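**Q** Got a structure for you, written out below as structure tokens; questions coming shortly.
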Amino acid sequence: MNRPSRTPPPPPSPSPQSQSQSQSQSQSQSQSQSQSQSQSLSQARTWLATALEEARAGLAEGGIPIGAALYGPDGTVLGRGHNRRVQDGDPSTHAETAAFRAAGRQRTYRGTTMVTTLSPCWYCSGLVRQFGISRVVVGEATTFHGGHDWLAEHGVEIVLLDDPECVSLMRDFIKQNPALWNEDIGE
Ligand SMILES: [Zn+2]
């Protein structure tokens, strides 16, 4: 094929002003991005403290030490609760469902965050997807690896904090109550 050789026109060179403008723009963008990332991480840790309080309350009642809280987009707590399998003889009251029920009816769950001390089981992961909860803050996924990867694959923002207190709470509990724990996770 005989193609006429053509010299391509030179690429438009941005004026130095607009270049430095766009550079500083992208710099401040990445700055504010990492800023908001660390902000949301410190917020996640603050919110986890509420879930941890619930977990400790559950333990003090002789229950399974898993706590959760549902937070609204504006950072207000909508509901909080803990696993009540032992206390109520109700295997369907997980920490997340307790927090979800305590929040009552919400018009939308867009922008809400479920904070839980332990990676959510399939049942609670299903709840997150069913109602379109936007984000899940997970205290730990070491003692139990639930559905948080699956949730991430389906567009739910996951913040895994790997919190040592959440781990030791569950580790000690499982060691002392292996049968109860196996009952809770259906094994
Ligand atoms: Zn659950």
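Its first residue numbered 1260, the sequence shown is counted upward by one per residue in the numbering used here.
Note that the Cβ used here is the ideal one computed from N, Cα and C, for glycine as well.
All figures in this text were calculated on a predicted structure; none of them were measured in a lab.
#1: For ligand 1, list every residue whose C-beta falls under 6 Å from any of its heavy atoms, going in chain order.
#2: Whole angstroms are fine: how far does the CA of Thr1376 sit from the CA of Glu1312?
#3: Around the Cβ of Ser1293, are there at least 16 other Cβ atoms within 10 angstroms (buried) or fewer (exposed)?
#4: Assuming Leu1386 and Glu1355 make a contact with CB atoms under 8 Å, what is their CB distance in whole Å?
#5: Spell out a yes or no on whether the region 1312-1322 and the region 1343-1351 are touching, meaning 3 or more CB-CB pairs, one atom from each, closer than 8 Å.
#6: What residue range is occupied by the uninterrupted beta strand (DSSP E) comprising Leu1337?
#7: My output table needs one value for Leu1420: the three-state DSSP class, helix, strand or coil.
#8: Quick test of your reading: Ser1232 and Leu1410, contact by CB under 8 Å. State the CB separation rounded to the nearest angstrom.
#9: Taking the CB atoms as reference points, tell me whether Gly1398 and Asp1422 lie closer together than 8 Å.
#10: Taking Glu1399 as part of the alpha helix (DSSP H), name the residues at either end of that continuous run.
#11: In this structure, does DSSP put Tyr1330 in helix, strand or coil?
**A** This is what the structure holds:
#1: His1353, Glu1355, Pro1379, Cys1380, Tyr1382, Cys1383
#2: Within the sequence shown, residue 1312 is the residue found at index 53, counting from 1. Within the sequence shown, residue 1376 is the residue found at index 117, counting from 1. Approximately 10 Å between the Cα atoms of the pair.
#3: For the purposes of this step, residue 1293 is identified with residue 34 of the sequence shown, where counting begins at 1. By the neighbour-count rule (16 or more Cβ atoms within 10 Å), Ser1293 is not buried but exposed.
#4: Residue numbering aside, residue 1386 sits at position 127 when the sequence shown is read from its first letter. Residue numbering aside, residue 1355 sits at position 96 when the sequence shown is read from its first letter. Going by Cβ atoms, the distance from Leu1386 to Glu1355 rounds to 6 Å, so yes, they are a contact pair.
#5: yes
#6: Walking along the sequence shown from the start, residue 1337 turns up at place 78. First-last of the beta strand (DSSP E) with Leu1337: 1336-1341.
#7: Taking the first residue of the sequence shown as position 1, residue 1420 is located at position 161. In the structure shown, Leu1420 sits in coil (DSSP, three-state: anything other than H, G, I, E or B).
#8: Any question about residue 1232 goes unanswered here, given that the chain covers just 1260 to 1446.
#9: Locating residue 1398 in the sequence shown gives position 139, where the first residue counts as 1. Locating residue 1422 in the sequence shown gives position 163, where the first residue counts as 1. Their beta carbons are under 8 Å apart, which means Gly1398 touches Asp1422 by this criterion.
#10: In the sequence shown, the residue the question calls residue 1399 occupies position 140. From DSSP, Glu1399 is part of no alpha helix (DSSP H) but of the beta strand (DSSP E) over 1394-1399.
#11: Against the sequence shown, residue 1330 aligns to sequence position 71. Here Tyr1330 sits in strand by DSSP.
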